[in-house]
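What follows is one structure encoded as structure tokens, with my remarks underneath.
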Amino acid sequence: KELKEKDIDAVLFELEVALLESDVATEVIDSLKSDLKQKLIGTTVEKEQIANIVKQNLRQHISNMFDAAGKVDILSNIEKKKNTGEPYIISFMGINGTGKTTTVAKVAYLLRENKFSVVIAAADTYRAGAIEQITEHAKRLNLKIIAQNYGSDPAAVSRDAVLYAKSHKIDCILIDTAGRMQTSKNLMDQISKINKVVNPDFKIFVGDSLAGNDTINQAREFHQYTKFEGSILTKSDADARGGAAISIVKVTSTPILYLGVGQEYKDLKPFDKDSFLESLFG
Amino acid sequence: NLKNGLRAALKKIVNSSGIDEALIKELAKDIQRALLQSDVNVKLVFEITKNLEERSLNETPPPGLSRKDHIVKILYDELAKLLGTEKQYEFQPGKLNKVLMLGIQGSGKTTITAKLAKFLTKSGYRVAVIGADTFRPGALTQLKTMCEKANVEVYGEEGNSDSPQIVKNGLKHFENSNFDVILIDTAGRHKEEKDLLEEMKQISKVANQDLTLLIIDGTIGQQCYNQAEAFHKTAPVGGIIITKLDSSAKGGGALAAASATGAQIMYIGTGERIDDLEKFSPTRFVGRLLG
Ligand SMILES: Nc1nc2c(ncn2[C@@H]2O[C@H](COP(=O)(O)OP(=O)(O)OP(=O)(O)O)[C@@H](O)[C@H]2O)c(=O)[nH]1
Ligand SMILES: Nc1nc2c(ncn2[C@@H]2O[C@H](COP(=O)(O)OP(=O)(O)OP(=O)(O)O)[C@@H](O)[C@H]2O)c(=O)[nH]1
Ligand SMILES: [Mg+2]
Ligand SMILES: [Mg+2]
Numbered sequence: 001k002e003l004k005e006k007d008i009d010a011v012l013f014e015l016e017v018a019l020l021e022s023d024v025a026t027e028v029i030d031s032l033k034s035d036l037k038q039k040l041i042g043t044t045v046e047k048e049q050i051a052n053i054v055k056q057n058l059r060q061h062i063s064n065m066f067d068a069a070g071k072v073d074i075l076s077n078i079e080k081k082k083n084t085g086e087p088y089i090i091s092f093m094g095i096n097g098t099g100k101t102t103t104v105a106k107v108a109y110l111l112r113e114n115k116f117s118v119v120i121a122a123a124d125t126y127r128a129g130a131i132e133q134i135t136e137h138a139k140r141l142n143l144k145i146i147a148q149n150y151g152s153d154p155a156a157v158s159r160d161a162v163l164y165a166k167s168h169k170i171d172c173i174l175i176d177t178a179g180r181m182q183t184s185k186n187l188m189d190q191i192s193k194i195n196k197v198v199n200p201d202f203k204i205f206v207g208d209s210l211a212g213n214d215t216i217n218q219a220r221e222f223h224q225y226t227k228f229e230g231s232i233l234t235k236s237d238a239d240a241r242g243g244a245a246i247s248i249v250k251v252t253s254t255p256i257l258y259l260g261v262g263q264e265y266k267d268l269k270p271f272d273k274d275s276f277l278e279s280l281f282g
Numbered sequence: 283n284l285k286n287g288l289r290a291a292l293k294k295i296v297n298s299s300g301i302d303e304a305l306i307k308e309l310a311k312d313i314q315r316a317l318l319q320s321d322v323n324v325k326l327v328f329e330i331t332k333n334l335e336e337r338s339l340n341e342t343p344p345p346g347l348s349r350k351d352h353i354v355k356i357l358y359d360e361l362a363k364l365l366g367t368e369k370q371y372e373f374q375p376g377k378l379n380k381v382l383m384l385g386i387q388g389s390g391k392t393t394i395t396a397k398l399a400k401f402l403t404k405s406g407y408r409v410a411v412i413g414a415d416t417f418r419p420g421a422l423t424q425l426k427t428m429c430e431k432a433n434v435e436v437y438g439e440e441g442n443s444d445s446p447q448i449v450k451n452g453l454k455h456f457e458n459s460n461f462d463v464i465l466i467d468t469a470g471r472h473k474e475e476k477d478l479l480e481e482m483k484q485i486s487k488v489a490n491q492d493l494t495l496l497i498i499d500g501t502i503g504q505q506c507y508n509q510a511e512a513f514h515k516t517a518p519v520g521g522i523i524i525t526k527l528d529s530s531a532k533g534g535g536a537l538a539a540a541s542a543t544g545a546q547i548m549y550i551g552t553g554e555r556i557d558d559l560e561k562f563s564p565t566r567f568v569g570r571l572l573g
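These protein sequence lines map, in sequence, to chains A and B.
Everything in the first sequence is counted per this note's numbering, starting at 1 for the first residue and increasing by one.
Everything in the second sequence is counted per this note's numbering, starting at 283 for the first residue and increasing by one.
Here you go:
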């Protein structure tokens, strides 16, 4: 039969609830629904196949969206830059408490395991205990940390770390920044400035897998201000459904690089699109 | 009051000339949309909007109430179901109130401990703090630095990984100094970390707390209910604090903690500074949800 809107609506409603309960943002779901309707209405399908066709098309649509966002092999990027004699600079940003500092330590661990030399910039010069926290991680990882006093300019600390890396032939600089709400213009200007001063090779947005609709607001604003090139979603081990990944990819068309799956250094898993889609639709 | 807050959110129906089925359906749809965008638990949203629609269409307004006012009251009743039903905890003067912080990693426990220490001190209570997060690097420094601003003493043992023991030693340390409130900060944990939930049970045994405060990140989505339920089984939750409401999040997800535990929301966090703590106001909160 020829598919009409009402044929699709019933099936879409069930899929919509599944996506909502998986923390995909409502505006992303609306957009996916209208894309799907545009594609399917007027096409001819077997009546008993409608539910299946709609579901498969939605899954494919989301899969295509992830493919369009591209793939990033950060380790080979670092290798390429290393061969030019220059250090690779990565900065980490996101709202308060998402796991940026812990993620910086995990990435440092990953790089060290891959035989890269690393220096960490303690560019959160604001929050109580922030410098002590990252300094302890650096100590445990046996890595150099560049830090100044609380209240110092995060851009200056970052630049310091770059100078250190250049003069000591360090392969990679990881810049940990303070948590900030994207609703604070001053703090968003600050992260823009840090990135301008240091010109990172890669900017990573660190988001919380447990966040709901706010993920899309965070991703959109952070991307507008910083043009980050990829994201890491933390706390996936907390039984998060992972819809935040879809929201971020939809609104920024940048890839999810890794998932944080625990509090230890090794708890960083490359994002796998297929197993993600399987857990969402399977 | 809450009714007035809802009135503002219901301008469409209140300003209309007449109530008919189409308008009620439209109202239910608008409310559903707003609540879903605010992260309110999906099942709760469908329940609320279904009840709103059915009751608005089928119930006769009580005498003296216009049909419009009746609909506002129905929405008020339905939304009120989102808030906790247990009695709100009241700090008892003249005895020691032990408060245990509980919550997911990064939800704001340490920050809230300092904020609450200052808030309660300003309200006239003698407050002390125990830093029992033995896992996170720099946790004790973070807590001490913040509590210094409130002139509140923090007991902690850098390098001791036994959290229950630190609580025990801390309570002993503060024993004969007539404190009204002792706040106990703990490490973050979630429902899949069974060993950490077990640790929380051990901490509770030693602390024998009068109040367990569940600290919930205001940006949390649909997983809040499940997490809160698991926490409640570990240590019965007597109060909720929703943090980071200065973000763009509406906090609807965090509300599920109230339905999962029955506990009332006591305070909200509205920023990083030690003064950024407010008493919870249902009117403002629901207004933000629907806004
Ligand atoms: N279970 C789990 N916990 C995590 C993960 N990533 C980070 N955490 C925890 O989340 C909490 C917050 O991590 P931080 O690294 O301090 O977060 P942050 O973004 O740097 O916080 P601010 O600098 O204050 O904005 C810590 O208790 C971490 O151990 C993860 O993937 N899984
Ligand atoms: N903007 C804003 N930031 C907040 C609020 N409450 C806490 N924070 C920030 O959120 C981050 C996490 O807060 P913490 O107090 O370290 O959270 P926690 O629950 O103790 O974290 P763990 O001990 O790792 O589980 C910090 O950057 C805080 O400054 C709030 O209401 N608004
Ligand atoms: Mg940090
Ligand atoms: Mg803490």
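In this text, a Cβ means the ideal position worked out from N, Cα and C, and glycines have one as well.
Within this structure, are the beta carbons of residue i and residue j separated by less than 9 angstroms?
{"i": "A:Ala219", "j": "A:Thr177", "result": "no"}
{"i": "B:Gly573", "j": "B:Leu317", "result": "no"}
{"i": "B:Val519", "j": "B:Ala545", "result": "yes"}
{"i": "A:Asn96", "j": "B:Gly388", "result": "yes"}
{"i": "B:Val381", "j": "B:Leu495", "result": "yes"}
{"i": "B:Leu365", "j": "B:Thr395", "result": "no"}
{"i": "B:Ala531", "j": "A:Ala211", "result": "yes"}
{"i": "A:Ile134", "j": "A:Ala155", "result": "no"}
{"i": "A:Val157", "j": "A:Ala121", "result": "yes"}
{"i": "B:Leu361", "j": "B:Leu571", "result": "yes"}
{"i": "B:Leu384", "j": "B:Ala538", "result": "no"}
{"i": "A:Pro255", "j": "A:Gly230", "result": "yes"}
{"i": "B:Asp467", "j": "B:Lys391", "result": "yes"}
If you compare alpha carbons, which of the options is closest to residue i?
{"i": "A:Gly94", "options": "A:Ala10, A:Tyr109, A:Ser184 and A:Ile53", "result": "A:Ser184"}
{"i": "B:Asp321", "options": "A:Asn57, A:Ile50 and A:Val17", "result": "A:Val17"}
{"i": "A:Ala138", "options": "A:Ser117, A:Asp153, A:Gly151 and A:Ala156", "result": "A:Ser117"}
{"i": "B:Cys506", "options": "B:Lys391, B:Asp557 and B:Thr543", "result": "B:Thr543"}
{"i": "B:Val463", "options": "B:Ala538, B:Leu402 and B:Lys526", "result": "B:Leu402"}
{"i": "A:Ser192", "options": "A:Ile131, A:Ser91, A:Ser167 and A:Leu58", "result": "A:Ser91"}
{"i": "A:Asp267", "options": "A:Val104, A:Lys47, A:Glu48 and A:Glu14", "result": "A:Val104"}
{"i": "B:Arg471", "options": "B:Phe417, B:Leu493 and B:Lys450", "result": "B:Phe417"}
{"i": "B:Arg648", "options": "B:Glu341, B:Leu527 and B:Asn451", "result": "Residue 648 of chain B is absent from the model: chain B starts at 283 and stops at 573."}
{"i": "A:Ile131", "options": "A:Arg112, A:Arg159, A:Asn142 and A:Ser152", "result": "A:Ser152"}
Please report the residue range of the alpha helix (DSSP H) in which residue i lies.
{"i": "B:Glu560", "result": "Not the alpha helix (DSSP H): B:Glu560 falls in the beta strand (DSSP E), residues Leu559 to Lys561."}
{"i": "A:Asn186", "result": "Lys185 to Val198"}
{"i": "A:Lys269", "result": "Looking at the DSSP string, A:Lys269 is not in any alpha helix (DSSP H); the run it does join, the beta strand (DSSP E), is Leu268 to Pro270."}
{"i": "A:Val162", "result": "Pro154 to Ser167"}
{"i": "A:Asn52", "result": "Ile50 to Ala68"}
{"i": "A:Ala211", "result": "A:Ala211 -> no alpha helix (DSSP H), and no H or E assigned at all."}
{"i": "B:Phe401", "result": "Lys391 to Lys404"}
{"i": "B:Met482", "result": "Lys476 to Ala489"}
Applying the 10 Å Cβ sphere with the 16-neighbour rule, what's the burial state of residue i?
{"i": "A:Ile41", "result": "exposed"}
{"i": "B:Ser443", "result": "exposed"}
{"i": "B:Gly438", "result": "buried"}
{"i": "A:Phe205", "result": "buried"}
{"i": "B:Leu347", "result": "exposed"}
{"i": "B:Gly413", "result": "buried"}
{"i": "A:Asp23", "result": "buried"}
{"i": "A:Asp171", "result": "buried"}
{"i": "A:Arg285", "result": "Since the first and last residues shown for chain A are 1 and 282, residue 285 of chain A lies out of range."}
{"i": "B:Thr367", "result": "exposed"}
{"i": "A:Pro87", "result": "buried"}
{"i": "A:His223", "result": "buried"}
{"i": "B:Gln504", "result": "buried"}
{"i": "A:Leu163", "result": "exposed"}
Starting from residue i, trace the beta strand (DSSP E) both ways and give me its first and last residue.
{"i": "A:Ala123", "result": "Val118 to Ala123"}
{"i": "A:Thr234", "result": "Gly230 to Thr234"}
{"i": "B:Ala410", "result": "Val409 to Gly413"}
{"i": "B:Gly551", "result": "Gln546 to Gly551"}
{"i": "B:Thr516", "result": "Not the beta strand (DSSP E): B:Thr516 falls in the alpha helix (DSSP H), residues Cys506 to Thr516."}
{"i": "A:Ser275", "result": "Premise fails: A:Ser275 lies in the alpha helix (DSSP H), Lys273 to Phe281, not in any beta strand (DSSP E)."}
{"i": "B:Gly521", "result": "Gly521 to Thr525"}
{"i": "A:Phe13", "result": "Segment Glu5 to Glu21 is the alpha helix (DSSP H) holding A:Phe13; no beta strand (DSSP E) there."}
Does ligand 6 have a heavy atom nearer than 8 angstroms to the CB of residue i?
{"i": "A:Thr101", "result": "Among the ligands in the structure shown, ligand 6 does not appear; only ligand 1, ligand 2, ligand 3 and ligand 4 can be found there."}
Taking any heavy atom of ligand 4 as the mark, which residues have a C-beta closer than 7 angstroms to it, listed down the chain? B:Lys391, B:Thr392, B:Asp415, B:Arg418, B:Ala421, B:Gln424, B:Asp467, B:Ala469 and B:Gly470
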